[in-house]
């Protein structure tokens, strides 16, 4: 009797969770889609028991809905327009920190509900539920009223520092924050980043062609060196003037040559002023384009029944690696680390539904790189039209600022002059 009651309650909870899954999926991480598809042996047996009772159709329908909603979240996460807004805000906050304005930085972090946003190195930093479009953050920021922050700081004393008979004195400083002005300046930063990304995205496309080429070349050279080592010969001829010749050995360069960052360095060496986070932006662009390419590849394989074995294997592999390489605050070069790890994974044979499939990780890497070139080309067209997209928003911001300036009784004090000078200094970093 107790066993039947437990089974009935479990069955009821399972149906309830499936029925209301769209309401619980809001707070799930963006990588949930690729994880939820991994079903344990218990889940598979439980689903088969539901199918025998005529309830498998309900579960399949809800799972299809979960997949569609998760695909939508993944698409929003890898949206280049959203990411451009994120990096524009972070670059602007970085410049504020450089000119010693941590108070505005703190206010912006509180406004976006993102702690240490200016130090975050990753994708999907902004709240996608709250800021669902590329301009949501800027519009909501522009609609904020002018803020005043009172800062209390210790007043310098002419007495000795550790005099116990002197009472500490504090002075209050008023700092005014004009959100529409912040939004307008972030737009200027966004336009400059868009111009830079037109160059950076082309670098990603050109260097993608050399990844597999350098991989095969390094692998071949490593085998030649191993044969030479067996014969006690010097693996590589090098100039004796160099103290450390190990840095020139192919095996010291990794599985493939990572030349995107050096290509960017050579590109901007003879150029003008660049944004302060140019190299970090390139690294995250590589990470974002790689993840978008992976999502598109998995979507293609999911639509092709002949790729079921490869799709299931790669789905499991990606779901176990996504948190390490793509989610949260990341180190430099994580996209290349993921590609390298996939390259070093040995091939395997999968047997499902009477079909035998050979999984070739190198072939998967080749497809990811091919799709990444297509993604980059699409993004170049998108960022080239950023300035045109800003026209309507700039008009809206200008109207809001004119209304505030026409408010009667508005007196401009010295603190406002100081803030206007700070705005000029900040904008000078992006000219």
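Numbering (our numbering), first residue to last: 2 to 432. Don't be surprised by glycine CBs; every beta carbon is placed ideally from N, CA and C.
{"query": "Run the proximity test for residue 302: is its beta-carbon closer than 8 Å to any non-hydrogen atom belonging to the ligand ATP?", "result": "This structure lacks the ligand ATP; in fact it carries no ligand of any kind."}
{"query": "What are the boundary residues of the beta strand (DSSP E) that residue 145 is part of?", "result": "Premise fails: residue 145 is in no beta strand (DSSP E) and is neither H nor E."}
{"query": "For residue 385, which residues of its own chain have a beta-carbon under 8 Å away from its beta-carbon, when the five flanking residues on both sides are left out?", "result": "195, 199"}
{"query": "So, under 8 Å CB-CB, residue 326 and residue 339 are touching, yes? Tell me the CB distance rounded to an integer number of Å.", "result": "4 Å"}
{"query": "If you check the beta carbons only, do residue 150 and residue 170 fall under 9 Å apart?", "result": "no"}
{"query": "Cutting at 6 Å between CB atoms, please list the residues of its own chain near residue 97, excluding the five before and the five after it.", "result": "105, 106"}
{"query": "Can you tell me which of the three DSSP states residue 368 falls into?", "result": "helix"}
{"query": "Indicate whether residue 129 and residue 180 have their beta-carbon atoms separated by less than 9 Å.", "result": "no"}
{"query": "Since residue 344 and residue 256 should fall inside the 8 Å C-beta cutoff, what is the C-beta to C-beta distance between them, to a whole number of angstroms?", "result": "5 Å"}
{"query": "Using DSSP with H/G/I as helix, E/B as strand and the rest coil, what is residue 326?", "result": "helix"}
{"query": "Per DSSP, which one or two residues make a beta bridge with residue 352?", "result": "357"}
{"query": "Report the option in 187, 82, 262 whose CA atom is closest to the CA atom of residue 95.", "result": "187"}
{"query": "Check whether the segment 391 to 404 and the segment 207 to 214 are in contact - that is, three or more C-beta pairs closer than 8 Å.", "result": "no"}
{"query": "So the beta strand (DSSP E) residue 175 belongs to, where does it begin and stop?", "result": "171 to 178"}
{"query": "Using 8 Å as the threshold, is the segment 348 to 358 in touch with the segment 301 to 312, meaning 3 or more CB pairs across them?", "result": "yes"}
{"query": "Under a three-way DSSP split, which group does residue 317 fall into?", "result": "helix"}
{"query": "Is there contact here, the segment 290 to 306 with the segment 367 to 376, by at least three beta-carbon pairs under 8 Å?", "result": "yes"}
{"query": "May I have the straight-line CA-CA distance separating residue 168 from residue 152, to the nearest angstrom?", "result": "19 Å"}
{"query": "Determine the burial state of residue 120: buried for a count of at least 16 other Cβ atoms within 10 Å of its Cβ, exposed for fewer.", "result": "exposed"}
{"query": "For residue 127, does the three-state DSSP call read helix, strand or coil?", "result": "coil"}
{"query": "Of the choices 316, 288, 323, whose alpha-carbon is the least far from that of residue 300?", "result": "316"}
{"query": "Quick one: using the 10 Å Cβ neighbour count with 16 as the cut-off for buried, is residue 45 buried or exposed?", "result": "Any reading at residue 45 must be qualified, since the residue scores a pLDDT of 36, below 50, and its modelled position is unreliable; the value itself is stated next. Answer is exposed; the Cβ neighbour count stays below 16."}
{"query": "Please classify residue 270 as buried or exposed, where buried requires at least 16 other C-beta atoms within 10 Å of its C-beta.", "result": "exposed"}
{"query": "Less than 7 Å between C-beta atoms, sequence neighbours within five positions excluded: which residues of the same chain meet that for residue 87?", "result": "126, 127"}
{"query": "Would you report the Cα separation of residue 103 and residue 110, rounded to the nearest angstrom?", "result": "10 Å"}
{"query": "Rounded C-beta distance between residue 191 and residue 85? I'm assuming under 8 Å.", "result": "6 Å"}
{"query": "Measure the Cβ-Cβ separation of residue 258 and residue 212 and say whether it is below 9 Å.", "result": "yes"}
{"query": "Measure from the alpha carbon of residue 135 to the alpha carbon of each residue in 163, 155, 184, 165, then state which is nearest.", "result": "184"}
{"query": "From the DSSP output, in three-state form, read off residue 191 for me.", "result": "helix"}
{"query": "Please confirm whether residue 262 and residue 283 have their CB atoms less than 9 Å apart.", "result": "yes"}
{"query": "I need the straight-line Cα distance from residue 193 to residue 272, nearest angstrom please.", "result": "14 Å"}
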